[in-house]
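Q: Start counting the sequence shown at 1488; every next residue gets the next number (the numbering used here).
Once you've had a glance at the structure underneath, I'll fire off some questions.
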Amino acid sequence: MKPTDPNHRIFGMSWATIHAAYLTKITRKAREPADLERVLSWLTGRDAAGLEATLSDGVTVRDFFEKAPALNAAREGVTGVICGVRIEEIDNPLMKEIRILDKLVDELAKGRPMEKILRT
């Protein structure tokens, strides 16, 4: 796959903006905000206070992933197509993390059981 621009505009976007879009998506589909927070904690290793801080501290999407305490190794098991691109074929590591999260949020919005979303 063609390498992603290392300065792609999504990398510099506010994490709070992206989080709000995810929250809107899942609540529209009758999922709880706590479900999204559980997915984010699983993926990044952040606790509730850490997740809250990312929303209030002006964190960018790049910082959200690059400063994650402990990215879950099981995230490599997230495969499939998101936005017309196969996750396994994404070359840019940061874009791959973003698309993994997009896939998890899509699964959450579609009503998939939490145990399957979290690959347990």
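Don't be surprised by glycine CBs; every beta carbon is placed ideally from N, CA and C.
1) May I ask you to list the residues that DSSP assigns as paired with Ile1569?
2) Cutting at 7 Å between CB atoms, please list the residues of its own chain near Glu1575, excluding the five before and the five after it.
3) Taking the alpha helix (DSSP H) that Glu1584 belongs to, which residues open and close that run?
4) Any idea if Ala1521 is buried or exposed, counting beta-carbon neighbours within 10 angstroms, 16 or more meaning buried?
5) DSSP three-state call for Thr1541: helix, strand or coil?
6) DSSP three-state call for Thr1531: helix, strand or coil?
7) For Thr1607, which of helix, strand or coil comes out of DSSP?
8) Just curious, the alpha helix (DSSP H) that Ala1555 is in, first and last residue?
9) Given 8 Å as the limit, is there contact between the stretch 1553–1561 and the stretch 1506–1523, that is, 3 or more CB pairs closer than that?
10) Whose CA, out of Met1601, Ala1561, Ala1596 and Phe1498, lies closest to the CA of Ile1513?
A: So, from the listed chains and residues:
1) What you label residue 1569 is simply residue 82 of the sequence shown in a count that begins at 1. DSSP, once it has assigned bridges, lists Val1572 as partnering Ile1569.
2) Here residue 1575 refers to the residue found at position 88 when the sequence shown is read from its first residue. For Glu1575, where only same-chain residues beyond five positions count, the Cβ hits under 7 Å are Thr1566.
3) Sequence index remark: in the sequence shown, residue 1584 carries index 97 (1-based). That run of the alpha helix (DSSP H) goes Pro1580 to Ala1596.
4) Position 34 of the sequence shown, counting from 1, holds the residue named residue 1521. Exposed.
5) Here residue 1541 refers to the residue found at position 54 when the sequence shown is read from its first residue. DSSP places Thr1541 in helix when its eight states are reduced to three.
6) For this step, residue 1531 is matched to residue 44 along the sequence shown. DSSP places Thr1531 in helix when its eight states are reduced to three.
7) Residue mapping note: residue 1607 aligns to position 120 of the sequence shown, counting from 1. Residue state, collapsed to three classes: coil.
8) Walking along the sequence shown from the start, residue 1555 turns up at place 68. Careful: Ala1555 lies outside any alpha helix (DSSP H) and carries neither H nor E.
9) no
10) For this step, residue 1513 is matched to residue 26 along the sequence shown. Per the Cα distances, Ala1596.
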